[in-house]
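Beneath this line is the structure, given in structure tokens, with notes to follow.
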Amino acid sequence: MKIIDSHVHIYPEFLKKERDKIAAREPWFELLTASKVQKWGTAEELVAAMDDSGVESALATTFAFRDQGLCREMNDYVLDAARRFPGRILPLAVVSPTRPGAAAEARRAFDLGAAALGELFPDGQNFDLSCAEQLREICGICGEYNKFVLFHTAEQAGHQYAGKGAYGAREAAAFCRNFPLTRVVFAHFGGGLWAFAAMPEMRLLTANACFDTAAWPWLYEPKILDAIFAIGAGEKILFGSDWPILGLARYEKLIAQTGLSLEEKEALLHGNAERLLAL
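Reminder that position 219 of the sequence shown reads as 218 in numbering that gives the first Met the number 0, one-by-one numbering, no gaps.
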């Protein structure tokens, strides 16, 4: 079956080599790369893993830094990777929304072929997902270019882990209320926002939102996918692995334990992403 991975990370070699130097001024980078689950992966390694797993295309980002200059370097890397692996790597650009130069960098990245913005980290980049003023400019640019934005979110009720952050369903819903015309993907099941699709008013409020499955093996039981489709939110869920920290094999085991139909699996694994990307 065709597979589009909607959430992977790739890193230029210098990030690993200069990790300590960069981490000294980027606390979120320090936190995540010090984690025992951290893995590094280049564009070449991603494509090799995709070939092994049968993944056709992947939406690839790097790391969303506070420093706008580092964001630009990350964007140069993913945009170059997309040129070297056309159709395989679909580049996501990162900007630091509240730092000077965010709008210009978003425009530059879109003009050079970025598919969207993300994965942006509210905690790590010091912005408030629920604050309209802080995000108005980049959301306006996304609308102008007909692009979406991917934000990191996490459910707030479960266990703590490095990089979880403090932004979940409440803040994601506030974003949708503030920016109903901005297409948005909330990582990691939207921090539980998907469940509110069972509420008619929330189904309307989150009409512009999708969610991805990144880190699913560490977060939820397999039946979460059955629940998502059962409440009518199946068209919103995107397969995302969070490679390189997790590979496709872990997800295949979970999907095999669901009661999803063939059509639902096709929507999860590629159909919903194709519609989001207008492929």
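Even glycine gets a Cβ: it sits at the ideal position worked out from N, Cα and C. Since we're looking at a predicted model, the values are computed, not measured.
Separation of Pro-99 from Pro-221, as counted between CA atoms: Working through the sequence shown from its first residue, we reach residue 221 at position 222. Working through the sequence shown from its first residue, we reach residue 99 at position 100. Spanning the two alpha carbons is a distance of roughly 42 angstroms.
Just to confirm the assignment: which complete beta strand (DSSP E) runs, minimum length 3, are found wholly within the region 205 to 241? 208 to 211
Classify Leu-261 as helix, strand or coil using the three-state DSSP reduction. Sequence index remark: in the sequence shown, residue 261 carries index 262 (1-based). DSSP places Leu-261 in helix when its eight states are reduced to three.
If you check the beta carbons only, do Leu-149 and Ala-186 fall under 8 angstroms apart? For this step, residue 149 is matched to residue 150 along the sequence shown. For this step, residue 186 is matched to residue 187 along the sequence shown. Yes. Within cutoff.
Name the residue from Ala-206, Ser-260, Asp-66, Ala-272 whose alpha carbon lies nearest to the alpha carbon of Asn-125. The count along the sequence shown starts at 1 and reaches residue 125 at position 126. That would be Asp-66, whose Cα lies nearest to the Cα of Asn-125.
Would you mind stating whether Thr-280 and Gly-142 have Cβ atoms separated by less than 8 angstroms? There is no way to answer for residue 280, as the model of the chain reaches only from 0 to 278.
Using a threshold of 8 angstroms, state whether the C-beta atoms of Ala-80 and Ile-3 are closer than that. The residue labelled residue 80 in the question sits at position 81 within the sequence shown. The residue labelled residue 3 in the question sits at position 4 within the sequence shown. Taking 8 angstroms as the Cβ cut-off, Ala-80 and Ile-3 do not qualify as a contacting pair.
Identity of the residue in Met-73, Trp-215, Leu-69 nearest Ala-113 by Cα: What you label residue 113 is simply residue 114 of the sequence shown in a count that begins at 1. When only C-alpha atoms are compared, the closest one is Met-73.
Just checking my contact of Gly-162 with Leu-267 at CB under 8 angstroms: how many whole Å lie between their CB atoms? Taking the sequence shown and counting its residues from 1, the one referred to as residue 162 is at position 163. Taking the sequence shown and counting its residues from 1, the one referred to as residue 267 is at position 268. 24 angstroms between Cβ atoms; not a contact.
Enumerate, from N- to C-terminal direction, the unbroken alpha helix (DSSP H) stretches of 4 or more residues contained entirely within the region 22 to 104. 26 to 32, 42 to 52, 67 to 83
Local conformation of Asp-4 per DSSP, three classes: In the sequence shown, residue 4 corresponds to position 5, counting from 1. Strand.
Counting along the chain, where does the beta strand (DSSP E) carrying Phe-13 start and finish? Against the sequence shown, residue 13 aligns to sequence position 14. Run containing Phe-13: none in the beta strand (DSSP E); it sits in the alpha helix (DSSP H), 12 to 16.
In terms of alpha-carbon separation, which member of Gln-159, Ala-115, Ala-168, Val-36 lies closest to Tyr-144? For the purposes of this step, residue 144 is taken as the residue at position 145 of the sequence shown. For the residues Gln-159, Ala-115, Ala-168, Val-36, the minimum Cα distance to Tyr-144 belongs to Ala-115.
According to the neighbour-count rule (16 or more other Cβ atoms, all chains shown, within 10 Å of its Cβ), is Leu-237 buried or exposed? Within the sequence shown, residue 237 is the residue found at index 238, counting from 1. That one is buried.
The region 85 to 97 contacting the region 56 to 63, beta-carbon criterion three pairs below 8 angstroms: yes
Per DSSP, what are the beta-bridge partners of Ala-115 in this structure? Translated into the one-based positions of the sequence shown, residue 115 becomes position 116. Ala-115 is bridged to Leu-91, Phe-147.
Assuming Ala-22 contacts Phe-28 under a Cβ cut-off of 8 angstroms, what Cβ separation, rounded to an integer in Å, is found between them? Here residue 22 refers to the residue found at position 23 when the sequence shown is read from its first residue. Here residue 28 refers to the residue found at position 29 when the sequence shown is read from its first residue. Contact holds; Cβ gap of about 5 angstroms.
Which residues in the same chain as Arg-249 place their Cβ atom closer than 6 angstroms to its Cβ, once the five residues preceding and following it in sequence are excluded? Indexing the sequence shown from 1 puts residue 249 at position 250. Cβ within range, chain order: Pro-216.
Compute the Euclidean distance between the alpha carbons of Gly-130 and Ala-102, then round it to the nearest angstrom. Position 131 of the sequence shown holds residue 130. Position 103 of the sequence shown holds residue 102. The identity of residue 130 in the sequence shown is Cys, whereas the question assumes Gly. The alpha-carbon atoms of Cys-130 and Ala-102 are separated by roughly 17 angstroms.
Do Leu-218 and Phe-188 have their CB atoms nearer than 8 angstroms? On the sequence shown, residue 218 is found 219 positions in, with the first residue counted as 1. On the sequence shown, residue 188 is found 189 positions in, with the first residue counted as 1. Yes, Cβ-Cβ distance for Leu-218 and Phe-188 is below 8 angstroms.
So what's Phe-178 in DSSP terms, helix, strand or just coil? On the sequence shown, position 179 is the one that residue 178 refers to. Coil, per DSSP.
Collapsed DSSP secondary structure at Phe-109 in the structure displayed: Counting from 1 along the sequence shown, the entry for residue 109 is found at position 110. Note: Phe-109 maps to helix in three-state DSSP.
In angstroms, rounded to a whole number, what distance separates the CA positions of Ser-52 and Val-184? As a position in the sequence shown, residue 52 is number 53, starting the count at 1. As a position in the sequence shown, residue 184 is number 185, starting the count at 1. Rounded to whole angstroms, Ser-52 to Val-184 spans 24 angstroms at the Cα level.
Could you pull the start and end residues of the alpha helix (DSSP H) that Glu-273 belongs to? Sequence index remark: in the sequence shown, residue 273 carries index 274 (1-based). Here the alpha helix (DSSP H) through Glu-273 covers 271 to 276.
Let's see if you can read the secondary structure: which residues bound the beta strand (DSSP E) around Phe-195? Reading the sequence shown from its first residue, position 196 is the one you call residue 195. Note, Phe-195: premise wrong, no beta strand (DSSP E); not H, not E.
Going by other Cβ atoms of all chains shown within 10 Å of its Cβ, with 16 needed for buried, is Tyr-160 buried or exposed? Here residue 160 is taken as the residue at index 161 of the sequence shown, counted from 1. Its Cβ having fewer than 16 others within 10 Å, Tyr-160 is exposed.
For Phe-185, list the residues DSSP reports as bridge partners. As a working mapping, residue 185 is identified with position 186 in the sequence shown. DSSP, once it has assigned bridges, lists Phe-150, Phe-210 as partnering Phe-185.
Starting from Ile-9, follow the alpha helix (DSSP H) in both directions and report where the run begins and ends. By 1-based counting over the sequence shown, the position of residue 9 is 10. From DSSP, Ile-9 is part of no alpha helix (DSSP H); its letter is neither H nor E.
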